Each structure stands twice: as structure tokens, then as C-alpha cells.
Amino acid sequence: MRLIIALLLALGLFISSAVANDSWILVGKTERSSFYMYRGSLGIDVSGDGKRIFYVAGKYETAATKETVLQIWYVPVEDCIRNRGKLFVLDKNARPVTDIDFKQGDDSVGASLARIICNAALNLTNDSKNRI
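Here's what the structure looks like:
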């Protein structure tokens with residue numbers, strides 16, 4: 015329950031300013047899409063199954079139609095520490111969309127997103143009293 019509340023709060027923040035491009039950081043690009051993370055949305059929580067997770071508000075824009083899709087991306091802390099696991103994707107209503115396998119050395123967009131989330135979160139927790 016905490017996860018859904020936190021994710022919806024994060025989602026509310028980035029939906030209200032989805033037009034403000036300076037709040038979005040480009041973190042990946044393919045021929046078909048660009049992927050962005052919302053500045054300041056990185057968080058730590060516990061999933062419904064009791065696993066600690068790192069999450070961030072994200073979006074992607076399609077190159078052809080310029081459609082913007084708002085999402086929430088999260089990675090279990092354990093997967094970050096192991097450098098392999100799954101990146102989970104939720105829609106703007108916190109419903110599961112997909113999950114993407116990743117491991118150290120992959121060069122897919124999903125693996126890159128997971129690495130960025132993990133590196134930022136692990137650095138954040140290492141610099142705080144709330145260590146893993």
C-alpha cells in the first residue's frame with residue numbers, strides 16, 4: 015500500500031508539470047523513442063510483496079507521433095546490488111505494464127534505465143543515514 019501511495023504522489027508531481035521540459039532529464043534514446051526521468055522523483059519504498067525498491071517517475075515520447083506516455087519505473091534493491099534482475103514498468107495509474115530483464119553489461123534501453131535508477135539510488139542511500 016505504501017508503494018502505491020508513494021508512486022501516485024510521485025506521479026502527481028510529474029503529471030502536473032509534464033509540459034515543463036526543464037524538469038525532465040533525457041536518459042535514453044532509440045530511433046523510435048526518447049526516455050526521460052522526472053527530476054527529484056527518485057524514491058525508496060517497499061513493494062506489496064515486502065521487497066525494498068527504488069522508483070522514479072518516467073516518460074517516453076515516440077519520435078513519429080510525439081505521443082508522451084507517463085510511467086513509473088522501479089527496480090528491487092536486491093537486483094541493484096546484484097547488478098541483474100528486472101526493471102518494472104507501471105502505467106500512470108500504477109498498474110503493471112511490463113518488466114524488463116537486465117544485467118551488467120547489457121546495452122538495451124531497459125538495462126540503461128535500471129542502471130541509472132540503481133546508481134542514483136545507491137549513491138543517495140550511501141550518502142544518507144538510511145543505508146541499505
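This note's numbering numbers the first residue of the sequence shown as 15 and each following residue consecutively. Ideal Cβ positions, reconstructed from N, Cα and C, are used throughout, including at glycine. Owing to the predicted nature of the structure, the values given are computational and were not obtained by experimental measurement.
Can you tell me whether residue i is buried or exposed? The criterion is at least 16 other CB atoms within 10 Å of its CB, across all chains shown.
{"i": "Lys-73", "result": "buried"}
{"i": "Val-111", "result": "exposed"}
{"i": "Gly-124", "result": "buried"}
{"i": "Leu-127", "result": "buried"}
{"i": "Gly-99", "result": "buried"}
{"i": "Leu-104", "result": "buried"}
{"i": "Asp-93", "result": "buried"}
Looking only at C-alpha atoms, which of the options sits nearest to residue i?
{"i": "Ser-37", "options": "Lys-43, Tyr-50, Glu-45, Arg-46", "result": "Tyr-50"}
{"i": "Asp-69", "options": "Gly-62, Ser-48, Leu-101", "result": "Before going on, a small fix: residue 69 reads as Tyr here, not Asp. Looking at the Cα atoms, Leu-101 is the closest of the given residues."}
{"i": "Arg-96", "options": "Ala-71, Gly-64, Asn-133, Leu-84", "result": "Asn-133"}
{"i": "Lys-131", "options": "Asp-63, Ile-67, Arg-46", "result": "Here the sequence assigns Ile to residue 131, which means Lys is not the residue at that position. Comparing Cα positions, the closest option is Ile-67."}
{"i": "Asp-113", "options": "Thr-139, Gly-119, Gln-85, Ser-47", "result": "Gln-85"}
{"i": "Asp-63", "options": "Ser-122, Ile-39, Ala-71, Pro-90", "result": "Pro-90"}
{"i": "Glu-45", "options": "Leu-138, Ala-135, Ser-122", "result": "Ser-122"}
{"i": "Lys-65", "options": "Ile-39, Glu-75, Tyr-88, Lys-117", "result": "Tyr-88"}
{"i": "Glu-75", "options": "Arg-53, Gln-118, Ser-48", "result": "Ser-48"}
{"i": "Asn-107", "options": "Leu-136, Ala-135, Asp-120, Ala-71", "result": "Ala-71"}
If you follow the beta strand (DSSP E) that residue i is in, where does it begin and where does it stop?
{"i": "Arg-46", "result": "Segment: none, Arg-46 is in no beta strand (DSSP E) and carries neither H nor E."}
{"i": "Arg-98", "result": "98 to 105"}
{"i": "Asp-59", "result": "57 to 60"}
By the three-class DSSP mapping on this structure, what secondary structure does residue i have?
{"i": "Asp-120", "result": "coil"}
{"i": "Arg-66", "result": "strand"}
{"i": "Glu-75", "result": "strand"}
{"i": "Leu-136", "result": "helix"}
{"i": "Ile-127", "result": "Looking at the sequence provided, one finds Leu at residue 127 rather than Ile. Leu-127: helix per DSSP, three-state reduction."}
**Request:** Determine contact between the region 77 to 84 and the region 56 to 67, defined as no fewer than three beta-carbon pairs at a distance below 8 Å.
**Result:** no
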